[in-house]
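Numbering (our numbering), first residue to last: 383 to 776. We put the beta carbon where it would ideally sit given N, CA and C, even for glycine.
(1) Go to residue 656, then tell me how far its alpha helix (DSSP H) extends in each direction, as first and last residue.
(2) What are the residues that DSSP puts in a beta bridge with residue 649?
(3) Give a yes or no on contact between the stretch 600–617 and the stretch 626–633, applying the rule of three or more CB pairs nearer than 8 Å.
(4) Once DSSP output is grouped into helix, strand and coil, what is the label at residue 660?
(5) Kindly confirm or deny that the stretch 712–723 and the stretch 676–687 touch, where touching means at least three C-beta pairs closer than 8 Å.
(6) In this structure, how does DSSP classify residue 421 when only helix, strand and coil are distinguished?
(7) For residue 735 and residue 424, what's the separation of their Cα atoms in angstroms?
(8) Quick one: any contact between the stretch 557–576 and the stretch 658–671, if contact means 3 or more CB pairs under 8 Å?
(9) Going by alpha carbons, who is nearest to residue 498 out of 401, 576 and 539?
(10) According to the Cβ coordinates, are residue 617 and residue 596 closer than 7 Å?
(11) With a 10 Å radius around its C-beta and 16 neighbouring C-beta atoms as the bar for buried, classify residue 487 as buried or exposed.
(12) Using a Cβ-Cβ cut-off of 6 Å (strictly less than) and excluding sequence neighbours within five positions of residue 663, which residues of its own chain qualify?
(13) Excluding sequence positions up to five away, which residues of its chain have a Cβ less than 8 Å from the Cβ of residue 469?
(14) What three-state label does DSSP hand residue 771 in the structure shown?
(15) Excluding the 5 residues flanking residue 653 on each side, which residues of the same chain have their C-beta closer than 8 Å to its C-beta?
(16) Taking the alpha carbon of residue 622 as the point to measure from, which residue in 593, 648, 502 and 649 has its own alpha carbon closest?
(17) Residue 519 and residue 509 look like a contact to me (Cβ under 8 Å); what is the Cβ gap, rounded to whole Å?
(18) Which residue comes first and which comes last in the alpha helix (DSSP H) that contains residue 741?
(19) Which residue marks the beginning of the beta strand (DSSP E) containing residue 434, and which one marks its end?
(20) On the three-state DSSP scale, how would you describe residue 522?
(21) DSSP puts residue 480 in a beta bridge; with which residues?
(22) Okay, do the stretch 529–548 and the stretch 692–712 touch, 3+ Cβ pairs below 8 Å being the bar?
(23) Using the three-state DSSP reduction, which class does residue 397 fall into: helix, strand or coil?
(24) Using 8 Å for Cβ pairs, my map puts residue 517 next to residue 531. What's the rounded Cβ distance?
(25) By how many angstroms is the C-alpha of residue 404 removed from the C-alpha of residue 420?
(26) The beta strand (DSSP E) that contains residue 550, what's its start and end?
(27) On the DSSP bridge list, what partners appear for residue 333?
(28) Comparing C-alpha positions only, which one of 685, 731 and 428 sits nearest to residue 458?
(29) With H, G and I counted as helix, E and B as strand and the rest as coil, what does DSSP make of residue 707?
(30) Let me check one thing: in DSSP terms, what residues is residue 575 bridge-paired to?
(31) DSSP three-state label for residue 505, please.
(32) Between residue 751 and residue 707, what straight-line distance do the alpha-carbon atoms span, to the nearest angstrom?
(33) For residue 412, collect the residues of the same chain with a Cβ closer than 7 Å to its Cβ; drop the 5 residues on either side in sequence, then sort them by chain order.
(34) Answer with buried or exposed for residue 800, where buried requires no fewer than 16 other C-beta atoms within 10 angstroms of its C-beta.
(35) Please confirm whether residue 642 and residue 738 have their CB atoms less than 7 Å apart.
(36) Below 7 Å between beta carbons: does that hold for residue 640 and residue 685?
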């Protein structure tokens, strides 16, 4: 299986200039090819775009494209052809997942990248030679497991440079502690496991306050001024700081639960629909639910585990995990519920996690005293929850 190993590096001043020129050329080739694709009656394929690039480099208008390696330019055209293929396959139903948008033009202010195939780079011990860039020394936090097939040079919005290697890794296996685990994702508590364990997400409020303050300053500064540029970099660094904290948290958590459980079960959340709620959009977006799911799925493949996703329409919060009695929809304010049938008091999130685990391993609910097709009871509020508890003498 394929994996990416990413390392940070610090280029020299001359290498910064060479990389800036390379990123600019890659961006121009992408934008020129995309403009041609949008205006053409028939979409050109990669071979046609490659031949056009060769002839364009001979013209006076684009002769400076010869100053950089041709490998990243060709890779840029391959990525464009792949992006269009994914776009059309998505709308024809040939590609799994959500709809993929059409390729967009690239901006100078966004993060930049350039990919070198096997012919454009070589490894020299701990150093990496990049064609027409020179030798760079990445900070090796871990060794590469195999010979890389490609390397991508990345410059993010905070002016940090990274090398991302694509390598082959062998699946690993370790004895699991638990046979299966259901996970309910939330906002106040990032994840609640079916064994009752709760994990809270990191705190980002301090960085977010700094971002708001700098954004107010940015709005008052003159466009294209040096001070505005410095403020923009400060904001980008804070955003990257939040992203790095979240990524570190998600990696550690996903590795831990994948190693400990043979079967991992998550719910298929409609995140794009949930963020339309203006009051919860920011809180939902910073959780990284989708990234967590992708990491869990990839690590299940790596550690020979089984990854399952249940339907978002399963009423995991409406059913007693002990006796399968269905009480219906609950308001988000209701955090605990007492079952009218068996009298068990449940934490809302833990009960949902247990139901996710049951459905994921094949034990479907039989919904005692209810029917799947019938309308559920009205939304419960805090008074309703108190009434249910009082009826049972609790």
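In short:
(1) 653–656
(2) 692
(3) no
(4) coil
(5) no
(6) helix
(7) 50 Å
(8) yes
(9) 401
(10) yes
(11) exposed
(12) 657
(13) 482, 483, 484 and 485
(14) For residue 771, the predicted model reports a pLDDT of 35, less than 50, meaning its position is unreliable and no value from the coordinates is stated.
(15) 666, 671 and 672
(16) 593
(17) 5 Å
(18) 730–742
(19) No beta strand (DSSP E) holds residue 434; the alpha helix (DSSP H) holding it covers 428–438.
(20) coil
(21) In DSSP, residue 480 forms no bridge with anything.
(22) no
(23) helix
(24) Not confirmed; about 20 Å, so no contact.
(25) 24 Å
(26) 543–550
(27) The question about residue 333 has no answer, for the chain in this structure spans 383 to 776.
(28) 428
(29) strand
(30) 565
(31) strand
(32) Residue placement at residue 751 is poorly supported in this model, since its pLDDT is 41, which falls under 50; the coordinates are not used for a value here.
(33) 458, 462 and 488
(34) Shown here, the chain extends from 383 to 776; a query on residue 800 therefore has no answer.
(35) no
(36) yes
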